[in-house]
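Here is the structure we will look at, set down as structure tokens.
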Amino acid sequence: MVQRQLPNPAELLELMKFKKPELNGRKRRLDGALTIDDLRTIAKRRTPKAAFDYTDGAAEGELSLRRARQAFQDVEFHPGILKPAPDVDTAVDILGGPSELPFGIAPTGFTRLMQTEGEVAGAGAAAAAGIPFTLSTLGTTSIEGVKAANPHGRNWFQLYVMRDREISYELARRAAAAGFDTLQFTVDTPVAGARLRDKRNGFSIPPQLTLGTIVNAIPRPWWWYDFLTTPKLEFASLSSTGGTVGELLDAAMDPTISYDDLAVIRDIWPGKIVIKGVQNVEDSVRLRDAGVDGIVLSNHGGRQLDRAPIPFHLLPDVRAAVGDDFTVMIDTGIMNGADIVAAVALGADFTLIGRAYLYGLMAGGRQGVDRTIAILRSEIERTMRLLGVASLAELEPGHVTQLTRLVPVARAASDVTIR
Ligand SMILES: Cc1cc2nc3c(=O)[nH]c(=O)nc-3n(C[C@H](O)[C@H](O)[C@H](O)COP(=O)(O)O)c2cc1C
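The following block contains the structure:
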């Protein structure tokens, strides 16, 4: 028999703890986002389809991106037990300077199209968090504008070597003069990848107003208000005539870039040089031997060659081949701080986030990017504590197993030689 009694009002009152409602809509929205996927959901609701798809989408069947994300999910962690880590230290030294967290913001073009605050929000959030920010050659805020948003922190510049070499060299000189300390030379774009969503959406820069765009804008008035009441969207460092994104990229990129360009850039750029878009072991070793300061294993977030190698799968072989002293960074597919921890455990010195940053930006401008960084930070710290490590240096390959889903049929990916 269950014993019953009259409810005690005092007990009931104790249970009733109503939170003060958050009146700031942006803050309420962002506080409710617990993962990068949550930020993506908000971003999708608030951003016109063409701009969202430009960011979210990848090339062809989008297999590279899906596989890269899957590879991070297919991680098994091996925690050590009874190893107290009451405080965890997430700071690293990277390319001759500090970063409070083992990730930085990747270069992205057209950023103000996603949300009008664009690179200023990214650079400001990076400054507040003590992590590096990378400005793209196709950025929509000037080199000097980014420097003003992140005056004391680390700014990196991403270079596309264009058909007209002098334009690229001049940009590099300007970035160096503004105190940017690292140059990322992107090498995975001999031509633009086929971004089919953009084609289907008739996406162009600047956006064209068609009947479809107008209908799509109705539930997203704030994006349009921002777009129409802030300075015109254009490449801040490049002059361009407009056109589809593919046409713009094709005009900007040069299929003839080679190792010779590397030598010229070395002469122009006084700081660190990193090659972004490396996709096999042989190139990693060759670049180390050519004297660059580091590489980014990346397939451009799946936006170039579809079905490209998964950077996270290449990582252990690349680290083994180049040795411990060469800087290896990685991007493509990072959606969770645990992905970053796994990458560091398998030998990455640093990681870059592209879409994770842009989802935050589209979800809530500067505060949205702050939220992205806060989510990733808490995921990194929690994963480290649960693994029983107090610093990133304690992470080792033994903490991670990459579960097999995609394996080459006949030979290991590392045996493939590109001639
Ligand atoms: C919308 C968008 C624009 C990008 N623009 C550039 C660019 O201008 N230059 C470049 O080197 N990489 C560019 N990237 C690639 C990123 O730097 C990075 O390699 C990629 O986003 C990493 O994958 P993730 O988005 O899964 O994090 C872009 C990526 C996105 C999503």
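In our numbering, each number is its position in the sequence shown, counted from 1, plus 869. Heads up, the beta-carbon is just placed ideally off N, CA and C, and yes, glycines get one too. This structure is a prediction, so every number in the text was calculated from the model and none was measured.
- Counted as a single uninterrupted DSSP element, the stretch harbouring residue 1271 is not any alpha helix (DSSP H) but the beta strand (DSSP E) occupying residues 1269-1271.
- As far as DSSP is concerned, residue 1205 takes part in no beta bridge.
- Bounds of the beta strand (DSSP E) holding residue 1004 are 1002-1004.
- A Cβ-Cβ distance of about 20 Å is found for the pair residue 1219 and residue 946, leaving them out of contact under the 8 Å criterion.
- A straight-line Cα-Cα distance of about 14 Å links residue 974 and residue 1243.
- Rounded to the nearest whole angstrom, the C-alpha separation of residue 1001 and residue 1025 is 7 Å.
- Just so you know, the alpha carbons of residue 1074 and residue 926 end up roughly 16 Å apart.
- One thing to note: residue 1057 has its Cβ within 9 Å of the Cβ of residue 1168.
- Going by C-alpha positions, residue 1055 is about 12 Å away from residue 977.
- Around residue 1222, the same chain offers 972, 973, 974, 975, 1200, 1203, 1241 and 1245 as residues with beta carbons nearer than 8 Å, after the five sequence neighbours per side are excluded.
- Around residue 1235, the same chain offers 986, 989, 990, 993 and 994 as residues with beta carbons nearer than 8 Å, after the five sequence neighbours per side are excluded.
- The Cβ-Cβ distance between residue 1249 and residue 1190 does not fall below 9 Å.
- When the alpha-carbon of residue 954 is set against those of 1276, 1277 and 1263, the nearest one is in 1263.
- If you check the CB distance, residue 912 and residue 1231 come in under 9 Å.
- Note on geometry: alpha-carbon atoms of residue 1082 and residue 1181 lie some 37 Å from one another.
- Rounded to the nearest angstrom, the gap between the Cα atoms of residue 964 and residue 1050 is 9 Å.
- Assigned with DSSP and collapsed to three states, residue 1223 falls in coil, not helix or strand.
- Distances between the C-beta of residue 1242 and the heavy atoms of ligand 1 are all 8 Å or more.
- Judged by the Cβ position, residue 1252 fails to qualify as a neighbour of ligand 1 at the 8 Å threshold, every heavy atom of the ligand being at least this far.
- Contact between residue 1164 and residue 1144 is confirmed by a C-beta separation of about 5 Å, below the 8 Å threshold.
- Judged by the Cβ position, residue 1145 qualifies as a neighbour of ligand 1 at the 8 Å threshold, a heavy atom of the ligand being closer than this.
- Comparing alpha-carbon positions, the option among 1153, 898, 1097 and 1173 lying closest to residue 1183 turns out to be 1153.
- Under DSSP, residue 945 forms a beta bridge with 1270.
- The alpha-carbon separation between residue 942 and residue 1213 amounts to approximately 15 Å.
- In the structure shown, the three-state DSSP call for residue 1087 is coil.
- From the listed residues 876, 899, 873 and 881, the smallest Cα separation to residue 1237 is found for 899.
- In this structure, residue 936 has its beta carbon at no less than 8 Å from each heavy atom of ligand 1.
- Between residue 1173 and residue 1062, the gap from beta carbon to beta carbon is short of 9 Å.
- Taking a 10 Å sphere around the C-beta of residue 914, we find fewer than 16 other C-beta atoms and assign the residue as exposed.
- Comparing alpha carbon positions, the residue from 935, 957, 907 and 1038 closest to residue 1254 is 957.
- The Cβ-Cβ distance between residue 1048 and residue 1016 falls below 9 Å.
- In the structure shown, the three-state DSSP call for residue 967 is strand.
- With a cutoff of 8 Å, residue 1221 counts as near ligand 1, since its C-beta is closer than that to a heavy atom of the ligand.
- 9 Å or more divides the Cβ of residue 1044 from the Cβ of residue 1020.
- Inclusion of residue 1007 in the 8 Å shell around ligand 1 follows from its C-beta lying nearer than that to a non-hydrogen atom of the ligand.
- DSSP, read as helix, strand or coil, puts residue 1196 in strand.
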